[in-house]
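Comments concern the structure below.
Residue numbers (the working numbering): 9 to 126.
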């Protein structure tokens, strides 16, 4: 495990040309098609979007996700509509006050349509 982290750290440092700036790093890995994002994610993005694509053609996805912030994945999940059953945990953007949270507005993601009865 240590050697994998070391290799990733060296790769990130090289990709950022030695300027290890958190904002620049987050911007790069958040940009679809960015080489650093692609290098660090390996087959993960294609695998996840592939699962979602298959479900869109016939099936459904049951998912429990933690701190989902990737725009590409969020768009792919939202596109599934009622074929998606999801539990989200979002603690990155903890609000200072929870008084404005209501059962119909627990997260910043789009509200999905009700699932049709079977």
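For glycine and all other residues, C-beta sits at the position ideal for the given N, C-alpha and C. As the structure is a prediction and not an experimental result, all values here were calculated from the model.
task: List the DSSP bridge partners of residue 73.
output: Per DSSP, 96.
Residue 72 vs residue 44 beta-carbon contact at 8 Å: No, they are not a contact pair.
field: Start-to-end residues for the alpha helix (DSSP H) that takes in residue 30
entry: Note, residue 30: alpha helix (DSSP H), 30-37.
message: Assuming residue 27 and residue 36 are in contact, meaning their beta carbons sit under 8 Å apart, how far apart are those beta carbons, in whole angstroms?
response: In fact, because the Cβ distance is near 11 Å, the residues do not count as touching under 8 Å.
message: Could you check if residue 58 belongs to the surroundings of the ligand SAM, using beta carbon to heavy atom distance under 7 Å?
response: What this structure holds is no ligand at all, so the ligand SAM is not there to describe.
query: So, using beta-carbon positions, are residue 60 and residue 69 closer together than 8 Å?
result: Yes.
- prompt: Which value, in whole angstroms, describes the spacing of the CA atoms of residue 12 and residue 74?
  reply: In this prediction, residue 12 has a pLDDT of 48, which is less than 50 and means its spatial position is unreliable; nothing more can be read from the coordinates.
query: Could you give the distance in angstroms between the alpha-carbon of residue 18 and the alpha-carbon of residue 34?
result: Roughly 16 Å between the two C-alpha positions.
query: How close, in whole Å, do the beta carbons of residue 56 and residue 81 come, if the pair is a contact with beta carbons under 8 Å?
result: Sure, about 6 Å apart at Cβ, within 8 Å.
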